[in-house]
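Novice: Chains as they are written, first to last, in my numbering: chain D, 197 to 858; chain Z, 165 to 533.
For each residue, glycine too, the CB sits at the ideal point set by N, CA and C.
Provided herewith is a single structure, encoded as structure tokens, for subsequent inquiry.
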């Protein structure tokens, strides 16, 4: 190691070269300093003394949101705010007092607002009052000289044209909160500041980056009182620096239909529930409604404390999107999937007949049907039509729950659909393994019976139901539900167009599809079907009613008969899912009415209205034909009823005459 | 005994600690001036904690200076290896605690392994090149392995993400390789390869937004909304200082909070506003003295390892100083590197203290040990 002197000498030349380079670099720095401080020094000096350069944000207008028919759903409206910049504030007390008189706000409150932002840099304006009137604007402008640091600024607020309708899908924007700041800064690498608006719910949240655009910046000179001055162009040292143009947010065209949204919302009315309608051919979401809702416009102007607490304290939880953020037992609407499993696994043939009514015994427990009495045996189509529990108990007693789960999962249950919204629930399809893991006890065959009719552990969301029925309608095509049809800029240039995304194609026997579709058709189109009386005219729908148990009923009898007498929160949820028209399905609709007792009564009329709106709007001629067809069906039915009555009357008459004759 | 201590201090090389103190003296006054007008009390008292850090750094430097230099040689790879492990730990633990990915908390102390890596890489490279056929002029083949030695920690640091420090490592590598007599032919071809691959990457390998980022890297004025804003304000501050400056505590740009990071990255612009070109000439002269002292040391030590290490440590100081000054003057994009002994910050102060200690240890090894 020692005696490296020679080597070090060898390196000396490079050492000297490095020294020259270092000195050269410092020389460059001194040259630059000379340029800035001596050559341009006077200009900079004047600038720093007399003027202040301020970076003014030009907020990018947020993208608009349109319906599938290009009708505006979310708009931007300008709003004027009174702001105060601490840097230019003189005679603080006097100015604030004057301002408080103009704006009608207590002095303490203004001070509080200022203190809340005191950690921010002084040159950043603080909003004192939002949405001020033109009168207030005029007074601030005229008294400008006595209000150093106070100015009026334009902001753009968000206007949701349909108010509460579809609030959950569209979402809302509001000011970023202190706790969100680090999270969002991390996510977007964008310098968020307090006062920035971000999407907080629904599409506004999910598509925030697309909608937001990019803010632009102007450099303006500001005098000592904070008043803007125009550029003095002659010796402006900043003329080389371009202002940063605003990149407006991109617009969205949604797949939603505004009329259908409105119909669904009004049909739900005061009830809590959700409605989802899908285009079965591509998974486009036509309707997505959750009630009770909120008015998103009120958030973009800064939500008031009362409104916020009224939403938060509402027991019906308006801030939850019931179509995707909550799941519930699907009840009988799950039966088609039990039927599919049974048919595919060969537990029954499509023409096997099993008893429909009465009760079913498994082990020591007796399971009752909703209709206690009756003896006739029915095939699978009629079992669906009448929603026979005993039929399904029978096949479920021979069924492996894992098989049921396999087929249910094929239809998208138990997994998030992947729709473009946040906080979607996945629902639950139980398996043996799942139960052992979560409850620590093995699966009981009796539980398969409950699951076969969509109760106990089975949980689904409205969107999942609609999507699964869309897959039945298309004989196996399961699409990913989409909400955004197009993203386009202000010149109408399309930036992104969504294509239907086929998640999977479910392969089943043709006879299975036939049987299930026939069964669902009978539900709404044959006398005695559970939705026969609720189907309306013109939709030719195939569907299934369901009742979702809120609490475990003591006996099946309890489930239906006493529902109306119960306290509201113990009533069952009514569910109805349908696709239409049966012969050439175009749309699938699911409706959940919380505490609506039965699916046929509460949910079916809503679905019917949504489907009819769709048919009238998009397929008017077909609609007319369907109305005609159904009229005939009904006439035939009434003729039969009359004939039956007449026959009975005749019989009675005959009997009477016979008696008389005796 | 007394004589011994007297002799020790007589032979002890105070030049490095002296330069450090001189620059720090300017730095602490400047820091006080930059923060005294700030609204929050914690900012106003920043200079006090900076003083505490300085004394800690001096102490560390002194302790390190007492270690005979041959120990650095012995433990070079060990330090390097430990430091790599720490960097990996930062990445792993950083995933758990969001935001604080650069820090590692060990027994209540916050450790920033990327800072230490600047020193470790110098030790490791110095040792590598010591062993390597020293008579020969290096060609491209010879620097592949040391480049990998540099690249591994650099990538780990860039992943944190801390682009500035990662690039510093590579720049340190460049200086050492230059010093180790890489052939001019190789330097030119290396430059060309770098340029070519950069152009190819730029045109074909990158996405549009990445390209945009590079364009703003080359021309900060294009990004007027972000770092460009600070650069503009910084230039106003510097330019308005003219020759003699506005005087101590008279910086208007700083007191108005136009410069958000005026106590860390932008101290040099505050210094220029208050003391003008004259002050800068003095400050840059002090830095130059320090750099030349390092280079002179590299030629006067007894071992090739020490020589390389001296140059390496010099390059740490040089790059920080040069890049920081360039970025506040708008010659480079703002990457967030501190100015040695001027910027506020405990961990950078410690790193530079360690460097000073190492240099003193090398110097002392000639006379004392």
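What is the DSSP secondary structure of residue 449 (chain D), reduced to helix, strand or coil?
Specialist: Counting from one through the first chain, the residue named residue 449 (chain D) turns up at place 253. Of the three classes helix, strand and coil, the one that applies to residue 449 (chain D) here is strand, per DSSP.
Novice: Measure the alpha-carbon distance for residue 634 (chain D) versus residue 777 (chain D) and round it to whole angstroms.
Specialist: Counting from 1 along the first chain, the entry for residue 634 (chain D) is found at position 438. Counting from 1 along the first chain, the entry for residue 777 (chain D) is found at position 581. Each residue's Cα considered, the two are about 42 Å apart.
Novice: For the beta strand (DSSP E) containing residue 740 (chain D), list its first residue and its last residue.
Specialist: In the first chain, counting from the first residue as 1, residue 740 (chain D) sits at position 544. Taken as a continuous stretch (DSSP letters only), the beta strand (DSSP E) holding residue 740 (chain D) covers 738-744.
Novice: Going by C-alpha to C-alpha distance, which of D:352, D:682, D:706, D:598 sits closest to residue 256 (chain D)?
Specialist: Here the question's residue 256 (chain D) lines up with position 60 in the first chain. Looking at the Cα atoms, D:352 is the closest of the given residues.
Novice: Quick one: what does DSSP say residue 515 (chain D) is sitting in, helix, strand or coil?
Specialist: Start at 1 with the first residue of the first chain, and residue 515 (chain D) comes out as number 319. Reduced to three states, the DSSP call for residue 515 (chain D) is coil.
Novice: So, at 8 Å on beta carbons, what are the nonlocal neighbours of residue 353 (chain Z) in its own chain, with the 5 sequence-adjacent residues on each side left out?
Specialist: The residue labelled residue 353 (chain Z) in the question sits at position 189 within the second chain. Excluding sequence neighbours, residue 353 (chain Z) sits near 304.
Novice: Which of the three DSSP states, helix, strand or coil, is assigned to residue 627 (chain D)?
Specialist: In the first chain, counting from the first residue as 1, residue 627 (chain D) sits at position 431. Correct three-state label for residue 627 (chain D): coil.
Novice: Report the three-state DSSP secondary structure of residue 348 (chain D) (helix, strand or coil).
Specialist: The residue given as residue 348 (chain D) occupies position 152 in the first chain. The answer is strand: DSSP assigns residue 348 (chain D) an E or B state.
Novice: Pair every Cβ in the stretch 696-709 of chain D with every Cβ in the stretch 460-472 of chain D, then say whether three or more of these pairs are closer than 8 Å.
Specialist: No, because fewer than three Cβ pairs between the stretch 696-709 of chain D and the stretch 460-472 of chain D fall closer than 8 Å, the two stretches do not touch.
Novice: Could you tell me whether any Cβ in chain D is nearer than 8 Å to the Cβ of residue 493 (chain Z)?
Specialist: Stepping through the second chain from its first residue, residue 493 (chain Z) is reached at position 329. Taking Cβ atoms only, chain D reaches closer than 8 Å to residue 493 (chain Z), which makes this a yes.
Novice: Just to confirm my understanding: we take residue 265 (chain D), look at its own chain, exclude 5 residues before and 5 after, and list those with CB closer than 8 Å. What are they?
Specialist: Here residue 265 (chain D) is taken as the residue at index 69 of the first chain, counted from 1. Only 453, 454 meet the Cβ criterion.
Novice: Please report how far the alpha carbon of residue 214 (chain D) lies from the alpha carbon of residue 220 (chain D), in whole angstroms.
Specialist: Numbered from its first residue, the first chain carries residue 214 (chain D) at position 18. Numbered from its first residue, the first chain carries residue 220 (chain D) at position 24. Their Cα atoms are separated by approximately 10 Å.
Novice: Tell me the DSSP bridge mates of residue 684 (chain D)?
Specialist: Within the first chain, residue 684 (chain D) is the residue found at index 488, counting from 1. Bridge partners of residue 684 (chain D): D:447, D:690.
Novice: Throw me the rounded Cβ distance for the residue 182 (chain Z) and residue 506 (chain Z) pair, which I believe falls under 8 Å.
Specialist: On the second chain, residue 182 (chain Z) is found 18 positions in, with the first residue counted as 1. On the second chain, residue 506 (chain Z) is found 342 positions in, with the first residue counted as 1. 17 Å between Cβ atoms; not a contact.
Novice: DSSP three-state call for residue 410 (chain D): helix, strand or coil?
Specialist: Position 214 of the first chain, counted from the start, is the residue given in the question as residue 410 (chain D). Looking at residue 410 (chain D) - three-state DSSP - the assignment turns out to be strand.
Novice: Shortest alpha-carbon distance to residue 818 (chain D) belongs to which of D:831, D:800, D:782, D:789?
Specialist: Along the first chain, one-based indexing puts residue 818 (chain D) at 622. With distances taken between Cα atoms, residue 818 (chain D) lies closest to D:782.
Novice: Indicate whether residue 469 (chain D) and residue 451 (chain D) have their beta-carbon atoms separated by less than 8 Å.
Specialist: Here residue 469 (chain D) refers to the residue found at position 273 of the first chain. Here residue 451 (chain D) refers to the residue found at position 255 of the first chain. It is not a contact, given that the beta carbons lie outside the stated cut-off.
Novice: According to the Cβ coordinates, are residue 433 (chain Z) and residue 396 (chain Z) closer than 8 Å?
Specialist: For the purposes of this step, residue 433 (chain Z) is taken as the residue at position 269 of the second chain. For the purposes of this step, residue 396 (chain Z) is taken as the residue at position 232 of the second chain. Not closer than 8 Å, so no.
Novice: Which residues does DSSP pair with residue 395 (chain D) in a beta bridge?
Specialist: As a working mapping, residue 395 (chain D) is identified with position 199 in the first chain. In DSSP, residue 395 (chain D) forms a bridge with D:369.
Novice: May I ask you to report which of helix, strand or coil DSSP gives residue 268 (chain D)?
Specialist: Sequence index remark: in the first chain, residue 268 (chain D) carries index 72 (1-based). Residue 268 (chain D) falls in the strand class under three-state DSSP.
Novice: Does any C-beta atom of chain D lie closer than 8 Å to the C-beta of residue 291 (chain Z)?
Specialist: For the purposes of this step, residue 291 (chain Z) is identified with residue 127 of the second chain, where counting begins at 1. It does not: the Cβ of residue 291 (chain Z) has no partner Cβ on chain D nearer than 8 Å.
Novice: Show which residues of chain Z have a CB atom less than 7 Å away from the CB atom of residue 208 (chain D).
Specialist: Taking the first residue of the first chain as 1, we reach residue 208 (chain D) at position 12. Chain Z residues near residue 208 (chain D): 463.
Novice: Residue 769 (chain D) by DSSP, collapsed to three states: which one?
Specialist: The sequence position of residue 769 (chain D) within the first chain is 573, counting from 1. Correct three-state label for residue 769 (chain D): strand.
Novice: For residue 503 (chain D), which residues from the same chain have a beta carbon less than 7 Å from its beta carbon, with the 5 sequence-adjacent residues on both sides left out?
Specialist: As a working mapping, residue 503 (chain D) is identified with position 307 in the first chain. Taken in chain order, the residues that qualify are 494.
Novice: Can you tell me the Cβ-Cβ gap for residue 615 (chain D) and residue 520 (chain D), rounded? I've got them flagged as a contact below 8 Å.
Specialist: To locate residue 615 (chain D), count along the first chain from 1; it is residue 419. To locate residue 520 (chain D), count along the first chain from 1; it is residue 324. Correct: roughly 6 Å between the Cβ atoms.
Novice: Which value, in whole angstroms, describes the spacing of the CA atoms of residue 733 (chain D) and residue 354 (chain D)?
Specialist: Start at 1 with the first residue of the first chain, and residue 733 (chain D) comes out as number 537. Start at 1 with the first residue of the first chain, and residue 354 (chain D) comes out as number 158. If I take the Cα positions, the gap works out to 39 Å.
Novice: Tell whether a beta-carbon distance below 8 Å holds between residue 362 (chain Z) and residue 408 (chain Z).
Specialist: On the second chain, position 198 is the one that residue 362 (chain Z) refers to. On the second chain, position 244 is the one that residue 408 (chain Z) refers to. Cβ atoms of residue 362 (chain Z) and residue 408 (chain Z): not closer than 8 Å.
Novice: Check whether the Cβ atoms of residue 299 (chain D) and residue 328 (chain D) sit closer than 8 Å, and answer yes or no.
Specialist: The residue you call residue 299 (chain D) lines up with position 103 of the first chain. The residue you call residue 328 (chain D) lines up with position 132 of the first chain. Yes, these two residues count as a Cβ contact at 8 Å.
Novice: Roughly how many angstroms lie between the CA atoms of residue 672 (chain D) and residue 663 (chain D), to the nearest whole one?
Specialist: To locate residue 672 (chain D), count along the first chain from 1; it is residue 476. To locate residue 663 (chain D), count along the first chain from 1; it is residue 467. C-alpha separation (whole angstroms): 11 Å.
Novice: Find out if the Cβ-Cβ distance for the pair residue 779 (chain D), residue 669 (chain D) is shorter than 8 Å.
Specialist: As a first step, residue 779 (chain D) must be located in the first chain, where it is residue number 583. As a first step, residue 669 (chain D) must be located in the first chain, where it is residue number 473. No, the pair does not count as a contact, with Cβ atoms beyond the cut-off.
Novice: Can you tell me which of the three DSSP states residue 403 (chain Z) falls into?
Specialist: What you label residue 403 (chain Z) is simply residue 239 of the second chain in a count that begins at 1. Looking at residue 403 (chain Z) - three-state DSSP - the assignment turns out to be helix.
Novice: With a Cβ-Cβ cutoff of 8 Å, do residue 197 (chain Z) and residue 413 (chain Z) count as a contact?
Specialist: If you number the second chain from 1, residue 197 (chain Z) lands on position 33. If you number the second chain from 1, residue 413 (chain Z) lands on position 249. It is a contact, given that the beta carbons lie within the stated cut-off.
Novice: Would a check of beta-carbon distances place residue 336 (chain Z) closer than 8 Å to chain D?
Specialist: Numbered from its first residue, the second chain carries residue 336 (chain Z) at position 172. No, residue 336 (chain Z) lies away from the interface with chain D (no Cβ there is under 8 Å from its Cβ).
Novice: Would you mind sorting residue 816 (chain D) into buried or exposed? The rule is 16 or more other CB atoms within 10 Å of its CB.
Specialist: As a working note, residue 816 (chain D) is residue 620 in the first chain. Under this definition residue 816 (chain D) is an exposed residue.
Novice: Give, in chain order, every residue of the stretch 507-532 of chain Z whose Cβ lies closer than 9 Å to some Cβ of chain D.
Specialist: For the stretch 507-532 of chain Z, which is checked against every Cβ of chain D, not one residue is closer than 9 Å.
Novice: Measuring only the C-alpha atoms, how far is residue 621 (chain D) from residue 212 (chain Z)?
Specialist: The residue you call residue 621 (chain D) lines up with position 425 of the first chain. The residue you call residue 212 (chain Z) lines up with position 48 of the second chain. Rounded to the nearest angstrom, the two C-alpha atoms are 54 Å apart.
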